[in-house]
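Numbering (our numbering), first residue to last: 24 to 127.
What follows is a single structure, written as C-alpha cells, with notes after it.
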Amino acid sequence: RCNAYFGPESTQEQLFAEAAPVVENVMKGGGNGAVLCYGATDTGKTYTMGGPTEEGGAPQHDSPSSGLVQRTARRIFEYIRDRSLHGDIYAVEASFLQVYTTDG
Numbered sequence: 024r025c026n027a028y029f030g031p032e033s034t035q036e037q038l039f040a041e042a043a044p045v046v047e048n049v050m051k052g053g054g055n056g057a058v059l060c061y062g063a064t065d066t067g068k069t070y071t072m073g074g075p076t077e078e079g080g081a082p083q084h085d086s087p088s089s090g091l092v093q094r095t096a097r098r099i100f101e102y103i104r105d106r107s108l109h110g111d112i113y114a115v116e117a118s119f120l121q122v123y124t125t126d127g
C-alpha cells in the first residue's frame with residue numbers, strides 16, 4: 024500500500040514530515056519499519072533518500088536538502104541521546120539499499 028505521493032515541487036522537509044510517524048513508532052515501540060521510494064528513472068528517488076551530494080559523492084550534512092536517510096538517522100540518535108540520560112540502552116541496526124536496473 025502506498026501512503027503518499029509527492030511531486031517535483033515537494034521539499035525534503037515535507038517528505039520527512041510524512042515519514043516521521045513511521046520513524047517515531049519504530050523508536051517508541053521497538054519494532055521495525057521501512058520507508059521506500061519507488062518510481063521511474065530520473066524522478067528523484069536517490070535525491071529524496073540521500074539528498075544532494077558534496078564533491079566526492081558524500082551526502083551533505085545539516086542541510087535543508089538533507090535526505091530521508093540523514094534526517095531519520097539524526098532523529099533516531101537524538102532520541103537515543105535523550106533517553107540514555109534515563110539509563111536506557113539501545114541497539115540500532117539499519118540498512119540503506121538502492122536497487123538499480125538498466126532493464127527498463
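Using N, Cα and C, we set each Cβ at its ideal position, and we do this for glycine too.
In this structure, Cys-60 sits away from Thr-76, with a CB-CB distance that is not shorter than 8 Å. The region 95 to 107 and the region 36 to 56 touch, with no fewer than 3 CB-CB distances between them shorter than 8 Å. Per DSSP, Asp-105 is one residue of the alpha helix (DSSP H) stretching across 91 to 107.
Gly-53: not part of any alpha helix (DSSP H); DSSP gives it neither H nor E. In the structure shown, Phe-29 falls within a coil segment according to DSSP collapsed to helix, strand and coil. Its chain contains Val-45 as the residues whose beta carbon lies nearer than 8 Å to that of Ala-57, once the 5 sequence neighbours on both sides are disregarded; these appear in chain order.
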